[in-house]
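The sequence shown maps to residues 334 to 643 in the numbering used here.
The beta-carbon is built from N, C-alpha and C at its ideal position, and this holds for glycine as well.
The structure presented is a predicted model; accordingly, all values stated were derived computationally and were not measured.
Below: one structure, written as structure tokens.
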Amino acid sequence: MTTTELALDVTDPSADPADQRTTAADTTPRRPSLSPSRAADFKSCPLLYRFRTIDRLPEKKSRAAVRGTLVHAVLEKLYDLPADQRTVAAARELVDPAWAELREEPGVAELFEAADTGETELAGWLESAGALVETYFRLEDPTRIQPEGREELVEVTLPDGLLLRGYVDRLDVARNGALRVVDYKTGGMPREAFEAKALFQMKFYALVLWRTRGVVAAQLKLIYLKDGDVLTYGPDEAELLRFERTLQAIWAAIGRAVETGDFRPNRSKLCSWCDHQAFCPSFGGTPPPFPAEAAAAAGWRTTLPMTAAG
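So, in structure tokens, the structure goes:
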């Protein structure tokens, strides 16, 4: 896969400013839409998409996922500081207050309360989060960057009625108007064979920004904090058009599944991390009855492609 580097340091001091993580806004009722995470869910397992998006079955929080949320919060707050104060030490000091906020969310504090060595484990876990934050400074110089947006909601309704929405970790805009879309990952960089899957989310953001701003992002940048690697990519307009058709095809397939109630499981290595095996036929389970009335009330039938829902 072709990658490209772009020297895009946004230093204008007058400039002023979202893996699968969940924010409070994500749980707010709205008409059905497609996000990069949910599109990826449907591609990997239609039944998982149904459980998460239509049934909204509860899922357990994991320490790894919560640590990712914590690191994202720290890197977001880092850019609240004046540029010359964005140091490793200052970032480290943001970890504890960010954790104090995060642990108030349901199910978070309990991750460490069950273990006899909970406080010791928590201290080590917080240190691991701080180490990931520190790695960030080897990959970018935050004193030379002034983001236009952080944890920014981007959304657009396509001509066929499909609503695309997602949260961009960071959006940089250069003086010449060039866009850079940045996403922080607390895991390791994928092998080359899986780069396309990693860039799916970034192309989604690039498409929405192109449709809303009329500008193709000059660079999509994935920062992998576990091993200190960076993956960059430069899309073009033709590629984004093809990607838009891919998303429309996914949405049409979702429409057919909603119409028939047929969301089939797709067993894979990812099943090891799934919370819903008890309801999955691949593991001897039975899905709950498809909530057709609830789906209709939520607007699924009226927002799906006419070829699928009509």
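When the alpha-carbon of residue 597 is set against those of 397, 579, 618, 605, the nearest one is in 618. Counting only the Cα atoms, residue 509 lies some 18 Å from residue 545. The beta-carbon separation of residue 390 and residue 411, rounded to 35 Å, does not stay under the 8 Å limit for a contact. Residue 488 has 498 as its beta-bridge partners, per DSSP. A contact between stretches requires three or more CB pairs, one per stretch, nearer than 8 Å, and the segment 429-448 fails this requirement with the segment 532-549. According to DSSP, residue 506 shares a beta bridge with 512.
Judged by pairs of C-beta atoms under 8 Å, the segment 416-425 touches the segment 470-477, as three or more such pairs exist.
Straight-line spacing of the CA atoms in residue 625 and residue 388 works out to 10 Å. Annotation for residue 562: the continuous beta strand (DSSP E) segment containing it runs 562-566.
For residue 556, the enclosing beta strand (DSSP E) has its first and last residue at 552-557. Restricted to the segment 378-442, the alpha helix (DSSP H) segments that are unbroken, complete and at least 4 residues in length are 379-382, 396-411, 421-426, 428-435, listed in chain order.
Taking each of 378, 369, 370, 365 in turn and checking the Cα distance to residue 603, the smallest one comes out for 378. Leaving aside the five residues that flank residue 577 on each side, the residues in its chain whose CB is nearer than 6 Å to its CB run, in chain order, 540. Under the DSSP definition of a beta bridge, residue 376 lacks any partner. For residue 583 and residue 593, the gap between their C-alpha atoms comes out near 16 Å. Note that the C-beta distance between residue 369 and residue 537 is below 8 Å. Between the segment 451-461 and the segment 494-513 there are fewer than three inter-stretch CB-CB distances shorter than 8 Å, so the stretches are not counted as touching. With 16 or more other Cβ atoms inside 10 Å of its own Cβ, residue 445 counts as buried. For residue 482, DSSP records a beta bridge to 504. Inclusion of residue 563 and residue 556 in the CB contact set at 8 Å is warranted, their separation being smaller than that value. If you look at residue 591, you'll find it in the alpha helix (DSSP H) that goes 570-593.
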